[in-house]
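Read through the structure below, which is laid out as structure tokens, and then see the notes.
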Amino acid sequence: MLVGYVRVSSLDQNPERQLEELKSLHVEKIFVDKQS
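Residue numbers (the numbering used here): 143 to 178.
And the structure:
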């Protein structure tokens, strides 16, 4: 099982590009962290 982690440094940044890349690599579980 592949696990991924996405982090953006502020709430107004968009993690979508990182999410798309992980999904293209068939990552099964993705955690997203938006620093405030």
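In this text, a Cβ means the ideal position worked out from N, Cα and C, and glycines have one as well.
Since the structure is predicted, the reported quantities are computational estimates derived from the model, not experimental observations.
Identify the continuous beta strand (DSSP E) that holds residue i and give its terminal residues.
| i | result |
| --- | --- |
| aspartate 175 | 171-176 |
Tell me the residue span of the alpha helix (DSSP H) that contains residue i.
| i | result |
| --- | --- |
| phenylalanine 161 | In the sequence as displayed, the identity of residue 161 is leucine instead of phenylalanine. Start and end: 158-166. |
Could you work out which residue in the options is closest to residue i when comparing CA atoms only?
| i | options | result |
| --- | --- | --- |
| glutamine 177 | Leu153, Val145 and Val148 | Leu153 |
Report the CB separation of residue i from residue j in whole angstroms; it is logged as a contact under 8 Å.
| i | j | result |
| --- | --- | --- |
| valine 169 | leucine 144 | 5 Å |
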